[in-house]
Amino acid sequence: MTEIQEDIKSLKNLSQTALNQLQKEEDSYKEELESFQDKLERWENRPSYSASKPQFKHATICTQANICKEAQEFMDFVAATGGHENGWSADDHSLFLKVKSKTKDPRRVAEIIHMLLPDVSEEAVVAHEEWYEKYLYLKEKQKDAIKHWRINKVNTKQYSSAVNQTKPENYPVRNVSSGCVAKDEVQQKIYAWKRERLLKTEYENEQKRQEHAKQKEFEEIRKQKQEELRLQVQNWRLSKSKAEREELNKKQLEEMKEQKERAHKANKLIKQYQSQDEIFIQNKLQIINSQKKVPEILKKNRESYPRDPSRLLKPTQQWIMRTHGETKENNNIPNLLNLREIQKLGLPEWRKCIY
Numbered sequence: 001m002t003e004i005q006e007d008i009k010s011l012k013n014l015s016q017t018a019l020n021q022l023q024k025e026e027d028s029y030k031e032e033l034e035s036f037q038d039k040l041e042r043w044e045n046r047p048s049y050s051a052s053k054p055q056f057k058h059a060t061i062c063t064q065a066n067i068c069k070e071a072q073e074f075m076d077f078v079a080a081t082g083g084h085e086n087g088w089s090a091d092d093h094s095l096f097l098k099v100k101s102k103t104k105d106p107r108r109v110a111e112i113i114h115m116l117l118p119d120v121s122e123e124a125v126v127a128h129e130e131w132y133e134k135y136l137y138l139k140e141k142q143k144d145a146i147k148h149w150r151i152n153k154v155n156t157k158q159y160s161s162a163v164n165q166t167k168p169e170n171y172p173v174r175n176v177s178s179g180c181v182a183k184d185e186v187q188q189k190i191y192a193w194k195r196e197r198l199l200k201t202e203y204e205n206e207q208k209r210q211e212h213a214k215q216k217e218f219e220e221i222r223k224q225k226q227e228e229l230r231l232q233v234q235n236w237r238l239s240k241s242k243a244e245r246e247e248l249n250k251k252q253l254e255e256m257k258e259q260k261e262r263a264h265k266a267n268k269l270i271k272q273y274q275s276q277d278e279i280f281i282q283n284k285l286q287i288i289n290s291q292k293k294v295p296e297i298l299k300k301n302r303e304s305y306p307r308d309p310s311r312l313l314k315p316t317q318q319w320i321m322r323t324h325g326e327t328k329e330n331n332n333i334p335n336l337l338n339l340r341e342i343q344k345l346g347l348p349e350w351r352k353c354i355y
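All residue numbers for the sequence shown refer to UniProt numbering, where the first residue is 1 and numbers rise by one.
See the structure below:
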């Protein structure tokens, strides 16, 4: 009972520590959400770098305005689902791809991933598989759209070159002053475009750094949770093995005690049976010895009276005693008690009144 109470107490302590740890994690998550909320507000209210700059289109620039629908849909899907790994770490996603390349059954893939990564449930693996199928579908659509866009771009360039070749024949050449003005204007536009591209690149790099830091932080939190879960499972296994060993030792002690009691009882019964056997043997020996003595007595009597056929017609001693008991004149007759002189048992008083 004391061991069970100690186990219950240790289980309560473990549960309390786990609850405290979860509360700490909840507080840290709340602080993290608040910090990200502030960052989102700053990102939403950031100034537009291209607001004061001249807007122009260039044939070799792919901005947000001329991004095809398929590519925009793919980028939105990737951004909304946590990157190209769906929020998973690179190692876990590569492990998923490796298992998926060897096994086509989604349920089997989920079982294998759950066995290799205990912190990832089978439902999460199935959802990740569905996400990956949609990811490949949108990526293929984007690839086809980019391919068509490149083909159209080549056709447009060919058409533009053909138009430029026919342009001098149809239109007169502009003067030098107008050409210089157009050149300066083009240089200003190129400078503005380069500056805008630089700002855009810096912003994208900052976004990538923040995303990488966020992903790294999430990965550290996940690893910490996995380590805590592993420690809890290890402690549970240790406590379980300890309880099993104690139960086994207790059972062995009880079996040994019961075996000793049975052996003691068996020895006691054996001694009793042995004593009874000895008594039985003694009684049997006495019976056998008594049976052996009777023939000896008979043998002695027979030896004292040898056979004599001439005695057949002679009277016996008892007859002689009856007939000649009162007279003892015959010297040949031994001095024996008369049958009538032998004392008999007296009658009890209660039988005397019967006659």
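The beta carbon of each residue, even a glycine, is placed where N, CA and C say it ideally should be.
Quick caveat, the model's predicted, so the values are computed rather than measured.
C-alpha distance - residue i paired with residue j, whole-angstrom precision
i	j	result
residue 69	residue 137	14 Å
residue 262	residue 4	29 Å
residue 229	residue 260	46 Å
residue 320	residue 346	27 Å
residue 223	residue 6	32 Å
residue 204	residue 244	58 Å
residue 354	residue 285	46 Å
residue 200	residue 191	14 Å
residue 108	residue 220	28 Å
residue 120	residue 210	25 Å
residue 157	residue 151	10 Å
residue 90	residue 101	16 Å
residue 429	residue 193	The requested residue 429 is not part of the displayed model; the chain covers only 1 to 355.
residue 276	residue 257	28 Å
residue 148	residue 206	31 Å
residue 15	residue 239	14 Å
residue 215	residue 81	13 Å
residue 73	residue 241	54 Å
residue 281	residue 344	40 Å
residue 23	residue 248	38 Å
residue 254	residue 264	15 Å
residue 235	residue 196	58 Å
residue 316	residue 272	57 Å
residue 270	residue 283	20 Å
residue 146	residue 183	32 Å
residue 350	residue 341	25 Å
residue 308	residue 274	54 Å
residue 26	residue 20	10 Å
residue 322	residue 314	15 Å
residue 8	residue 31	35 Å
residue 377	residue 139	The question about residue 377 has no answer, for the chain in this structure spans 1 to 355.
residue 106	residue 2	49 Å
residue 237	residue 198	57 Å
residue 153	residue 124	42 Å
residue 310	residue 278	53 Å
Residue from the options whose Cα sits closest to the Cα of residue i
i	options	result
residue 110	209, 126, 98 and 101	126
residue 77	268, 142 and 98	142
residue 93	343, 246 and 113	113
residue 104	133, 120 and 116	133
residue 33	226, 218, 144 and 190	218
residue 98	272, 316 and 129	129
residue 95	81, 83, 82 and 116	116
residue 144	71, 281 and 87	71
residue 212	85, 291, 235 and 316	85
residue 118	196, 225, 26 and 18	225
residue 361	135, 349, 246 and 274	Residue 361 lies beyond the residue range present for the chain, which begins at 1 and ends at 355; the question has no answer from this structure.
residue 208	131, 83, 269 and 324	83
residue 231	8, 9, 17 and 2	17
Element boundaries [alpha helix (DSSP H), containing residue i]
i	result
residue 76	69-80
residue 323	317-324
residue 351	349-352
Closer than 9 Å to chain D by CB, residue i
i	result
residue 82	Judged by its chain identifiers, the structure shown contains no chain D, having just a single protein chain.
Q) Which residue spans inside the region 85-112 form an unbroken alpha helix (DSSP H) run of at least 4? A) 90-102
Q. Enumerated in chain order, which unbroken segments of the alpha helix (DSSP H) with a length of 4 residues or greater are wholly contained in the region 186-253?
A. none
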